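Residue numbers (my numbering): 11 to 108.
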């Protein structure tokens, strides 16, 4: 059973707790900047272990010290609680590396 797509009101409320995140192209979006490539790659490697456990994978791109993340639940055709939970996890991981 697919997770329920969140309403715009629910997303706006959730984004108050995730101020660095926004909605772009109907996806939860954030760009992280790290001191260098090693930190950016370390973030992705650390996150990958937890992401795989959740079986909910981001769309992400790494260029030098930047990691761009887009979250959506494809089965639900939109942003769900799974995406918000993953965004919170990524925030916790990134806070340890900056």
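Here a beta-carbon is modelled for each residue, glycine too, at the ideal position from N, C-alpha and C.
Quick caveat: nothing in here was measured; it's all calculated off a predicted structure.
A check of alpha carbon separations from residue 66 across 50, 48, 86, 53 identifies 86 as the nearest. In terms of Cβ geometry, residue 71 and residue 24 do not form a close pair [threshold 7 Å]. In this structure, the CA atom of residue 53 is about 30 Å from the CA atom of residue 19.
Per the DSSP secondary-structure output, residue 34 pairs in a beta bridge with 37. Around the C-beta of residue 40, 16 or more other C-beta atoms lie within 10 Å, and the residue is accordingly described as buried. Within a 10 Å sphere around the beta-carbon of residue 104 sit 16 or more other beta-carbons, which makes this residue buried.
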